[in-house]
Amino acid sequence: MKKKLKAWIFCRVAPHSPTSLLTFQKEQLEEIAEACNMEVVGTTQVISDGKWLNGFEIKSLLIQIRRKKFDILLINSPYRISIYPDVYEEFETICRLYNVKVLTYMDYISK
Numbered sequence: 009m010k011k012k013l014k015a016w017i018f019c020r021v022a023p024h025s026p027t028s029l030l031t032f033q034k035e036q037l038e039e040i041a042e043a044c045n046m047e048v049v050g051t052t053q054v055i056s057d058g059k060w061l062n063g064f065e066i067k068s069l070l071i072q073i074r075r076k077k078f079d080i081l082l083i084n085s086p087y088r089i090s091i092y093p094d095v096y097e098e099f100e101t102i103c104r105l106y107n108v109k110v111l112t113y114m115d116y117i118s119k
């Protein structure tokens, strides 16, 4: 029997956005996890401006990545991690360093 991938779901909205968008993102990503036979081992939902990697939730996520608690990170888009492409690229590099794949909603639906 093939081992299930362990997935972590990360959702973020800006402070001025409706919080219902957090629920919407989470539900979409849970559907992807289920369709791909992944085990969701954690979820992070954040309300922030999404600029830097220094918020409590991102730091906590980075700890889980370093501890190799999951294999794949499910996100709606790279902008959910950071609105700055270079900051997202740094985050993605950290994920690669610890063998964590990042799968966006758009990556999934374009397969």
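Counting from 9, one number per residue, gives the positions in the sequence shown under our numbering.
Yeah, the Cβ is synthetic: ideal placement off N, Cα and C, and Gly gets one too.
Check: At least three beta-carbon pairs within less than 8 Å, the stretch 20–36 to the stretch 97–104; Outcome: no
Check: Under 7 Å between C-beta atoms of L13 and D115; Outcome: no
Check: Pick from I117, T31, L111 and W60 that is closest to M46, judged by C-alpha positions; Outcome: L111
Check: I117 versus Y106, I102, G63 and S85, residue with shortest Cα-Cα distance; Outcome: S85
Check: Nearest to P26 (by Cα), restricted to the options V54, E38 and I40; Outcome: V54
Check: Within 7 Å, strictly: CB atoms of E35 and T52; Outcome: no
Check: Outcome for W60 when other beta-carbon atoms lying within 10 angstroms are tallied against a minimum of 16; Outcome: exposed
Check: Residue from I89, R74, K76 and K119 with nearest C-alpha to D57; Outcome: I89
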